[in-house]
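J.: Letter by letter, the sequence shown follows residues 303 to 419 of my numbering.
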Amino acid sequence: MMVLVLSACPVGLRGDLTKWLYEVSAGVFVGKVSSRIREHLWDRVLETSGSGRAILIWSSKGEQGLKFEVKDHHWDPVDLDGLTLMKRRSRAQKTQSPELKRGWSKAGAQRHLGRRR
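#1: Out of Gly384, Glu349, Trp344 and Leu306, which has the shortest C-alpha to C-alpha gap to Gly329?
#2: Excluding five sequence neighbours on each side, which residues of the same chain lie with their C-beta closer than 7 Å to the C-beta of Leu368?
#3: For a quick check, are the C-beta atoms of Lys373 and Val347 less than 9 Å apart?
#4: Determine the closest residue to Val332 out of Leu319, His342 and Asp378, with distance taken between C-alpha atoms.
#5: When the distance is taken between beta carbons, is Thr386 closer than 9 Å to Gln412?
#6: Let's see if you can read the secondary structure: which residues bound the alpha helix (DSSP H) around Trp344?
#7: Between Ser327, Ser309 and Pro379, which lies nearest to Arg355 when the distance is taken from Cα to Cα?
#8: Who are the near neighbours of His375 in its chain, counting only those whose CB is closer than 8 Å to its CB and skipping five residues on each side?
#9: Check the C-beta distance from Met304 over to Val335 and give it rounded, since I have them as a contact under 8 Å.
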């Protein structure tokens, strides 16, 4: 069993995936295919999704019973002692060069001004 979730991907890709999988909701595909077909479909998603995002989840043997693949998403699979967990990126990781603002935050400025009175 596999689940593929697409967002902001071309309509042609969605139509192409319906040859192999059921589209149960907009951008959510479910089906039971062999590992070779699953890898072929994931390669096709990587090639044709452009700037879109994709998450692939499929059943496998092991503690959790499933595995993940992610493309350009806010969540990254992280292996923690044999368990795969989904970790949300921090804002600093989302941007390539985070800029630090100098000076007081709004709350800090209010506290600072309040103490001086």
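By construction, the Cβ of each residue, glycine as well, lies at the ideal position given by its N, Cα and C atoms.
T.: With the structure as the only source:
#1: Leu306
#2: Ile359, Trp360, Ser361 and Ser362
#3: yes
#4: Leu319
#5: no
#6: Ser337 to Thr350
#7: Ser309
#8: Arg355, Ala356 and Ile357
#9: 6 Å
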